[in-house]
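Student: Here's a structure for you.
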């Protein structure tokens, strides 16, 4: 670890400098919690391969870039380039962030029974409910990057949906990065709360407006009250030069339901970890994911599903397509604790290897301490079906067309879980284009 010391000191200094700029001694800006997180970062340092969670995720290249948070650089962008990225379908509300900062004039936050705001505005207003909830699931960080996020968080989305509110249209959360953020670290922090019997859909996307290097270090906490339902559709599609780290923390109360469909199609290095914990019986958590890793890319998914109470269900279904010298990591863990009787938990990870030079490290884990449960887990790593290829070629398709069609069919199970037709079509087009420019081996 000694070789990391200069970087640790540099990051800590930058964090302290940023905290010092905040109102002195003002708890509304969580300065005490931020300082505690900065200390925690110094203790934890950056993770390395000796930690099982990071065994296959090399961060050397990320650290060598020296991405630091910067709040001083003036940022400008063309609003019309941002509006081009909006969903085609009507939305109930919209939150837009560019280069880490909330853009009020491009957002639509007027929604009855719903709080749509930025984290900075919440801190300015001193909303104690939100301030107390921040960190309630994540703590101040269980690894160096998460602690650094708490210490240096810049802005983020705060979405609170009131008791019994049922939104028929989705809320859009759009996070864009422009050239002005090149070489910087962005530390967004989101808090999403659905109170009792609330129901909503959230479409969250991370896109790049330019092809520059930057590092997104995100923490998102989602709190679902009793019988609350959230359908979360998430897209990571930043530039190939980007680094993207997401840490999601999920807490489900009695009979709450959370459904996530997630795709990782961009960034040269990306890692997503989802931590889900049931706090009362009868809740359900469903996670679907699709990742595509090509030449020079690393895509990393980690799941930590904690069945801590009885009569809850979870299902995870993740698929990966790897081309060229792409690398992927899938580490899915389900823990069924002793008191979690009548748990229903299933995990699946399937990978399609389109190149002999691609690599996948997949590790589904099932740890059961209760005796009255229904649980399963499994993983597959395979190539395109030769009989299916033969069939498609006999119908007049050439080899490349047949291969691409089979790949899209493999991905379609996950893509169909996106409710937005335009988004589903856009994702399908991205995958098709990526496959057209990749060498697919039989």
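In the numbering used here, the protein residues as written are 29 to 470.
The beta carbon of each residue, even a glycine, is placed where N, CA and C say it ideally should be.
Report the rounded CA-to-CA distance for residue 29 versus residue 71, giving the unit in angstroms.
Tutor: Your numbering for residue 29 matches position 1 in the chain shown. Your numbering for residue 71 matches position 43 in the chain shown. Bear in mind that a pLDDT of 44 at residue 29, under 50, signals an unreliable position, so the number given afterwards is only what the model happens to contain. Spanning the two alpha carbons is a distance of roughly 12 angstroms.
Student: Could you tell me whether the stretch 106-113 touches the stretch 193-200, where touching means 3 or more Cβ pairs closer than 8 angstroms?
Tutor: No, the stretch 106-113 is not in contact with the stretch 193-200.
Student: Hey, could you find the ends of the beta strand (DSSP E) residue 316 is sitting in?
Tutor: Looking up residue 316 in the chain shown gives position 288. Unbroken beta strand (DSSP E) run through residue 316: 312-321.
Student: Between residue 541 and the rest of its own chain, which residues show a CB-CB distance below 8 angstroms, the 5 nearest in sequence each way excluded?
Tutor: With the chain covering 29 to 470 only, the question about residue 541 has no answer from this structure.
Student: Work out the CA separation of residue 410 and residue 381 for me, nearest whole Å.
Tutor: Translated into the one-based positions of the chain shown, residue 381 becomes position 353. Translated into the one-based positions of the chain shown, residue 410 becomes position 382. One C-alpha to the other measures close to 6 angstroms.
Student: How many angstroms separate the CA atom of residue 285 from the CA atom of residue 423?
Tutor: Your numbering for residue 285 matches position 257 in the chain shown. Your numbering for residue 423 matches position 395 in the chain shown. Whole-angstrom Cα-Cα distance: 43 angstroms.
Student: When DSSP labels each residue in this structure, what does residue 435 get in the three-state scheme?
Tutor: Reading the chain shown from its first residue, position 407 is the one you call residue 435. DSSP places residue 435 in helix when its eight states are reduced to three.
Student: Here's a check: name, in chain order, each residue in its chain whose Cβ is nearer than 8 angstroms to the Cβ of residue 339, leaving out the five neighbours to either side.
Tutor: Looking up residue 339 in the chain shown gives position 311. If we look at residue 339 and ignore the five residues flanking it on each side, its Cβ neighbours are 309, 310, 369, 370, 371.
Student: Given a threshold of 16 other Cβ atoms within 10 Å of its Cβ, counted over all protein chains shown, does residue 48 qualify as buried or as exposed?
Tutor: Taking the first residue of the chain shown as position 1, residue 48 is located at position 20. Per the 10 Å Cβ criterion, exposed.
Student: Identify which residue in 89, 457, 144, 156 has its Cα closest to the Cα of residue 186.
Tutor: Within the chain shown, numbered from 1, the residue matching residue 186 stands at position 158. That would be 144, whose Cα lies nearest to the Cα of residue 186.
Student: Which full runs of the beta strand (DSSP E) of 3+ residues lie inside the stretch 228-308, going along the chain?
Tutor: Whole beta strand (DSSP E) segments, 3+ residues: 243-252, 257-265, 271-280, 285-292, 297-306.
Student: Terminal residues of the continuous beta strand (DSSP E) containing residue 406?
Tutor: What you label residue 406 is simply residue 378 of the chain shown in a count that begins at 1. Unbroken beta strand (DSSP E) run through residue 406: 402-410.
Student: DSSP three-state label for residue 33, please.
Tutor: The residue you call residue 33 lines up with position 5 of the chain shown. Because residue 33 carries a pLDDT of 43, less than 50, the predicted location of this residue cannot be relied on, and the following value inherits that uncertainty. In the structure shown, residue 33 sits in a helix (DSSP, three-state: H, G or I).
Student: Going by the DSSP bridge assignment, what does residue 145 pair with across the sheet?
Tutor: Here residue 145 corresponds to residue number 117 of the chain shown, with the count starting at 1. Looking at the DSSP assignment, residue 145 forms a beta bridge with 186.
Student: Considering only the alpha carbon of each residue, which of 229, 251, 249, 208 lies closest to residue 237?
Tutor: Here residue 237 refers to the residue found at position 209 of the chain shown. Selected option, being the one with the closest Cα: 208.
Student: Ignore the nearest five residues each way along the sequence and tell me which others in residue 290's own chain have a CB closer than 6 angstroms to its CB.
Tutor: For this step, residue 290 is matched to residue 262 along the chain shown. 262, 317, listed in sequence order.
Student: Do residue 126 and residue 204 have their CB atoms nearer than 8 angstroms?
Tutor: Here residue 126 corresponds to residue number 98 of the chain shown, with the count starting at 1. Here residue 204 corresponds to residue number 176 of the chain shown, with the count starting at 1. Their beta carbons are under 8 angstroms apart, which means residue 126 touches residue 204 by this criterion.
Student: Residue 58 to residue 171, Cα distance in whole Å?
Tutor: As a first step, residue 58 is located in the chain shown; it is residue number 30 there, counting from the start. As a first step, residue 171 is located in the chain shown; it is residue number 143 there, counting from the start. For residue 58 and residue 171, the distance between alpha carbons rounds to 19 angstroms.
Student: Would you mind stating whether residue 351 and residue 466 have Cβ atoms separated by less than 8 angstroms?
Tutor: Looking up residue 351 in the chain shown gives position 323. Looking up residue 466 in the chain shown gives position 438. In contact: residue 351 and residue 466 (Cβ atoms closer than 8 angstroms).
Student: Within its chain, find whatever has a CB closer than 7 angstroms to the CB of residue 396; leave out the 5 residues flanking it on each side and keep chain order.
Tutor: Position 368 of the chain shown, counted from the first residue, corresponds to residue 396. Closer than 7 angstroms at Cβ, skipping near neighbours: 364, 403.
Student: Taking DSSP's pairing of strands, which residues face residue 346 in a bridge?
Tutor: Here residue 346 corresponds to residue number 318 of the chain shown, with the count starting at 1. Per DSSP, 317, 377.
Student: Between residue 434 and residue 323, what straight-line distance do the alpha-carbon atoms span, to the nearest angstrom?
Tutor: The residue given as residue 434 occupies position 406 in the chain shown. The residue given as residue 323 occupies position 295 in the chain shown. So the alpha carbons of these two residues sit roughly 20 angstroms apart.
Student: Is it true that the stretch 247-264 meets the stretch 212-228, where meeting means three or more beta-carbon pairs spaced less than 8 angstroms apart?
Tutor: Enough Cβ pairs lie closer than 8 angstroms, so yes.
Student: For the candidate residues 61, 378, 37, 302, whose alpha-carbon lies nearest to that of residue 177?
Tutor: Taking the chain shown and counting its residues from 1, one reaches residue 177 at position 149. Ranking 61, 378, 37, 302 by Cα distance to residue 177 puts 61 first.
Student: Using only CA atoms, which one of 408, 304, 307 lies nearest to residue 349?
Tutor: For the purposes of this step, residue 349 is identified with residue 321 of the chain shown, where counting begins at 1. That would be 408, whose Cα lies nearest to the Cα of residue 349.
Student: Determine the direct distance from the alpha carbon of residue 91 to that of residue 42, and round the result to whole angstroms.
Tutor: To locate residue 42, count along the chain shown from 1; it is residue 14. To locate residue 91, count along the chain shown from 1; it is residue 63. Near 14 angstroms, if we compare the C-alpha coordinates of residue 91 and residue 42.
Student: What first and last residue would you give for the beta strand (DSSP E) that runs through residue 205?
Tutor: By 1-based counting over the chain shown, the position of residue 205 is 177. Here the beta strand (DSSP E) through residue 205 covers 199-205.
Student: Could you name the residues of the same chain whose beta carbon sits closer than 6 angstroms to that of residue 271, not counting the 5 residues immediately before and after it, in chain order?
Tutor: The count along the chain shown starts at 1 and reaches residue 271 at position 243. Counting only Cβ-Cβ distances below 6 angstroms, and skipping sequence neighbours, we find 90, 243, 297.
Student: So what's residue 180 in DSSP terms, helix, strand or just coil?
Tutor: Position 152 of the chain shown holds residue 180. Residue 180: helix per DSSP, three-state reduction.
Student: Would the beta-carbon of residue 145 be found less than 7 angstroms away from any heavy atom of the ligand MN?
Tutor: Looking at this structure, you won't find the ligand MN or any other ligand, since it has none at all.
Student: Under a Cβ-count criterion, where at least 16 other Cβ atoms within 10 Å of its own Cβ denotes burial, should residue 429 be classed as buried or exposed?
Tutor: On the chain shown, position 401 is the one that residue 429 refers to. Residue 429 is exposed by the Cβ-count criterion.
Student: Run the CB neighbour count on residue 106, radius 10 Å, all protein chains shown included, and call it buried at 16 or more, exposed below.
Tutor: As a position in the chain shown, residue 106 is number 78, starting the count at 1. Exposed, by the Cβ-count rule.
Student: Under the rule that 16 or more other beta-carbon atoms within 10 Å means buried, what is residue 34, buried or exposed?
Tutor: Residue 34 sits at position 6 when you count from the first residue of the chain shown. Caution is warranted here: a pLDDT of 47 is assigned to residue 34, below 50, making its placement in the model unreliable, and the coordinate value is therefore given only provisionally. The residue in question, residue 34, is exposed, as its Cβ has fewer than 16 Cβ neighbours within 10 Å.
Student: Between residue 256 and residue 225, how many whole angstroms is the CB-CB distance? I'm expecting something under 8 angstroms.
Tutor: The sequence position of residue 256 within the chain shown is 228, counting from 1. The sequence position of residue 225 within the chain shown is 197, counting from 1. Right, the Cβ-Cβ distance comes to about 7 angstroms (below 8 angstroms), so this counts as a contact.
Student: Considering only DSSP beta bridges, list what residue 209 is partnered with.
Tutor: Start at 1 with the first residue of the chain shown, and residue 209 comes out as number 181. DSSP, once it has assigned bridges, lists no residue as partnering residue 209.
Student: With DSSP run on the structure shown, which of helix, strand or coil describes residue 168?
Tutor: The residue given as residue 168 occupies position 140 in the chain shown. If DSSP states are grouped into helix, strand and coil, residue 168 belongs with coil.
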